[in-house]
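The structure appears below as structure tokens.
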Amino acid sequence: MIAAVIELETDIAIVGAGFSGSLLSLLLKQIGLRSVLIDRGSHPRFAIGESSTPIANFLLADLARRYNLPQLIPLATYGSWKRAYPEIVCGLKRGFSYYHHTIGQQFQPRADHANELLVAASEGIEDADTHWLRSDFDQFLAQEAVRADIPYFDQTNIEQVHANNGGWNLIGSRLGEAMTLQADLLIDASGDGGLLSKQLGIDNHPAGLQTHSRSLFSHFRNVRRWHDLYQSWGGDTSDHPYPCDDSALHHVFKGGWMWVLPFDNGITSAGFSLDPNLFPLDRAVSPEAEWAGIMQLLPSVAEQFCDAEPTVAWRQTGRIQRRLQRSAGPNWVMLPTAAAFLDPFFSTGNSFTLVGIGRLMAMLERSWNRPDWSDQMQVYDRQLQQEAEILDLIVNGCFRGFGDFERTGAMSMFYFIAATWSESEQRAGRLGRGGAFLCADQVDFKKALIRAVAEVDNPSISTREFVGRVHSALAPFNRVGLCDPAKRNMYDFVP
Ligand SMILES: Cc1cc2nc3c(=O)[nH]c(=O)nc-3n(C[C@H](O)[C@H](O)[C@H](O)COP(=O)(O)OP(=O)(O)OC[C@H]3O[C@@H](n4cnc5c(N)ncnc54)[C@H](O)[C@@H]3O)c2cc1C
Numbered sequence: 272m273i274a275a276v277i278e279l280e281t282d283i284a285i286v287g288a289g290f291s292g293s294l295l296s297l298l299l300k301q302i303g304l305r306s307v308l309i310d311r312g313s314h315p316r317f318a319i320g321e322s323s324t325p326i327a328n329f330l331l332a333d334l335a336r337r338y339n340l341p342q343l344i345p346l347a348t349y350g351s352w353k354r355a356y357p358e359i360v361c362g363l364k365r366g367f368s369y370y371h372h373t374i375g376q377q378f379q380p381r382a383d384h385a386n387e388l389l390v391a392a393s394e395g396i397e398d399a400d401t402h403w404l405r406s407d408f409d410q411f412l413a414q415e416a417v418r419a420d421i422p423y424f425d426q427t428n429i430e431q432v433h434a435n436n437g438g439w440n441l442i443g444s445r446l447g448e449a450m451t452l453q454a455d456l457l458i459d460a461s462g463d464g465g466l467l468s469k470q471l472g473i474d475n476h477p478a479g480l481q482t483h484s485r486s487l488f489s490h491f492r493n494v495r496r497w498h499d500l501y502q503s504w505g506g507d508t509s510d511h512p513y514p515c516d517d518s519a520l521h522h523v524f525k526g527g528w529m530w531v532l533p534f535d536n537g538i539t540s541a542g543f544s545l546d547p548n549l550f551p552l553d554r555a556v557s558p559e560a561e562w563a564g565i566m567q568l569l570p571s572v573a574e575q576f577c578d579a580e581p582t583v584a585w586r587q588t589g590r591i592q593r594r595l596q597r598s599a600g601p602n603w604v605m606l607p608t609a610a611a612f613l614d615p616f617f618s619t620g621n622s623f624t625l626v627g628i629g630r631l632m633a634m635l636e637r638s639w640n641r642p643d644w645s646d647q648m649q650v651y652d653r654q655l656q657q658e659a660e661i662l663d664l665i666v667n668g669c670f671r672g673f674g675d676f677e678r679t680g681a682m683s684m685f686y687f688i689a690a691t692w693s694e695s696e697q698r699a700g701r702l703g704r705g706g707a708f709l710c711a712d713q714v715d716f717k718k719a720l721i722r723a724v725a726e727v728d729n730p731s732i733s734t735r736e737f738v739g740r741v742h743s744a745l746a747p748f749n750r751v752g753l754c755d756p757a758k759r760n761m762y763d764f765v766p
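Per my numbering, the sequence shown runs over residues 272 to 766.
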């Protein structure tokens with residue numbers, strides 16, 4: 272029999288001590304709210320979702336400054352991270368790189384760069400973004416929470432969640448000890464663990480979600496530099512805006528794409544996101560065998576991975592999309608990754624999460640325990656749903672264009688232009704504080720996006736016409752000289 276030994280009472284229970292839950296607990300403490308952090312696992316642990324972006328880093332630094340957590344500021348750029356925390360492993364990310372492959376054929380570099388797209392996101396190494404080795408990064412944030420005297424219970428299973436006096440009573444157990452936790456507000460930071468969706472029975476498959484992909488991934492040693500192979504095939508890298516491996520490197524092909532994210536410790540995160548219509552999941556095929564099979568279809572990628580060895584267990588998932596019908600109620604909130612996830616083609620998961628954290632913090636500061644709190648939660652839900660819809664449209668449009676790289680390139684401009692728009696919203700202090708992520712509140716942007724998704728794989732519209740239409744529809748939002756044929760897919764950083 273289990274003896275009840277842990278009994279707690281707090282303002283806010285946070286379930287999930289990934290980067291988002293731990294960060295949020297630190298922020299809450301700074302505004303005088305007590306929280307308890309709970310996770311079913313323990314650090315260090317493997318987690319996917321590693322490539323950061325300028326928006327993610329601006330938001331992280333902004334939250335750290337706004338809530339006086341100076342120890343987090345160095346994590347917002349590569350140079351300061353390496354100086355302040357050399358022991359926390361990261362990788363250098365100067366931008367986004369995409370290479371297009373025709374199934375069964377060797378990649379052939381072209382002088383006009385028509386089968387590649389490089390978009391720089393930083394001026395140099397110092398201000399570059401990073402790939403977060405999540406086992407290190409998440410552990411660091413959980414340790415910071417402990418250092419700040421925030422009660423943290425790892426290896427804890429929440430078995431029951433009951434509404435109680437306008438708040439919550441959580442019942443669970445930790446290493447053989449029973450646990451009860453009374454909280455006024457419950458925050459779900461459990462990612463795909465889906466704590467609240469299960470407990471509250473919220474539908475996870477709303478009609479209308481268009482993106483459909485599944486994933487296959489691991490971490491590897493001995494992955495070769497794409498730059499070296501590219502040069503060995505006669506490619507000229509002199510007009511690449513940065514060394515293409517110092518980025519989130521993507522290999523794109525009909526039916527899916529692959530990410531390659533090198534860390535500084537010789538380990539590379541790599542995996543496929545696959546359209547199950549063309550690459551159906553067969554559980555009878557092992558992940559290794561499936562990986563080898565896809566490599567046979569992509570001979571140049573196979574060369575990059577010819578000596579690669581996995582360093583952690585393979586992950587082979589079913590559909591990775593989720594979008595819950597509701598993400599917040601009067602006394603509960605889901606952080607974005609618990610409420611919605613689309614596909615990592617543009618590394619949007621962590622920035623989306625940070626937008627949600629910033630928005631929630633602003634709402635808590637302004638309205639917690641005030642009469643308009645329920646209204647604020649409705650606003651939170653509405654904005655999150657609008658943002659998830661935009662992400663779904665952009666990624667789905669790209670997937671549908673994968674057979675024709677020029678069309679994918681045009682679709683990708685919706686992301687890059689919306690991202691740079693969000694960066695200026697962030698600089699103006701509006702992002703997550705009224706302003707929406709990725710132009711989700713811009714009616715003309717959404718109209719143009721819906722039209723492009725409808726046309727991207729329409730063979731009666733020529734590629735030239737499609738690209739022209741996208742570029743002119745995006746012109747009012749294009750603040751940094753994207754969509755410029757003279758750049759030949761090589762976009763330097765524009766501050
Ligand atoms: C294949 C793939 C690739 C991705 N790549 C990127 C990328 O490159 N860039 C990017 O920005 N985003 C990426 N993402 C998204 C990224 O993973 C998320 O944005 C990120 O993990 C969110 O962090 P989190 O702390 O909210 O959740 P998580 O990292 O998922 O952490 C959730 C925590 O909750 C705990 N938990 C779960 N259920 C329970 C429960 N019932 N009780 C107690 N604890 C529980 C877990 O143990 C875990 O520690 C990717 C996602 C996928 C699927």
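Backbone N, C-alpha and C fix where the C-beta goes; we use that ideal spot for every residue, glycine too.
Item	Value
Local conformation of Y338 per DSSP, three classes	coil
Where W504 sits in the DSSP three-state scheme	coil
Check whether I538 and R492 have beta carbons under 9 Å apart	yes
Nearest-angstrom Cβ-Cβ length linking D675 and Q481, presumed shorter than 8 Å	Not a contact, Cβ separation roughly 18 Å.
beta-carbon N428 near ligand 1 non-hydrogen atom, thresh 8 Å	yes
Three-pair Cβ contact test at 8 Å for the stretch 695-705 versus the stretch 637-649	no
Cβ pair count under 8 Å reaching 3, the stretch 664-671 against the stretch 601-621	yes
Alpha helix (DSSP H) runs wholly inside the stretch 417-505, at least 4 long, in chain order	466-471 and 497-503
Inter-residue CB distance, T348 and D420 (contact presumed, cutoff 8 Å)	That pair is no contact at about 29 Å.
Opposing strand residues paired with V390 [DSSP bridges]	F367 and Y762
Endpoints, alpha helix (DSSP H) assigned at H742	T734 to L745
L662 in three-state terms, based on DSSP	helix
Segment limits, alpha helix (DSSP H) that includes W603	Note, W603: premise wrong, no alpha helix (DSSP H); beta strand (DSSP E) at W603 to M605.
Integer-rounded CB distance, given that A327 should sit under 8 Å from S622	4 Å
Distance cut-off 8 Å: N621 Cβ against heavy atoms of ligand 1	yes
Presumed contact (8 Å Cβ cut-off) between I319 and S306, rounded CB distance	The pair is not a contact, with the Cβ atoms about 25 Å apart (cut-off 8 Å).
Assigned exposure category for Q587 - 16 Cβ within 10 Å defines buried	buried
Pairwise C-alpha distance: P380 and M566	19 Å
Proximity to F764 [Cα-Cα], best of G437, F687, F716 and L467	F687
Span separating the alpha-carbon of A689 from that of V626	14 Å
Cβ-heavy atom distance, S489 to ligand 1, below 8 Å	no
heavy atom of ligand 1 below 8 Å from T608 C-beta	yes
Exposure label - W530; buried when at least 16 CB within 10 Å	buried
Counted within 10 angstroms of its Cβ, other Cβ atoms place P601 as buried (16 or more) or exposed	exposed
Reference S468, options L595, F411, E387 and R722, closest by Cα	L595
Alpha carbon of L569 to alpha carbon of G527, nearest angstrom	11 Å
Complete beta strand (DSSP E) runs within the stretch 659-700 (minimum length 3 residues, chain order)	none
Nearest-angstrom beta carbon gap, A392 and P325 [assumed within contact, 8 Å]	5 Å
Through-space distance from T608 to L635, alpha-carbon basis	19 Å
Inside the stretch 561-591 only - alpha helix (DSSP H) runs reaching at least 4 residues	570-575
Beta-carbon proximity check, A711 vs Q654, cutoff 9 Å	yes
W530 beta carbon near ligand 3 (any heavy atom closer than 8 Å)	Ligand 3 is absent from the structure shown, which contains only ligand 1.
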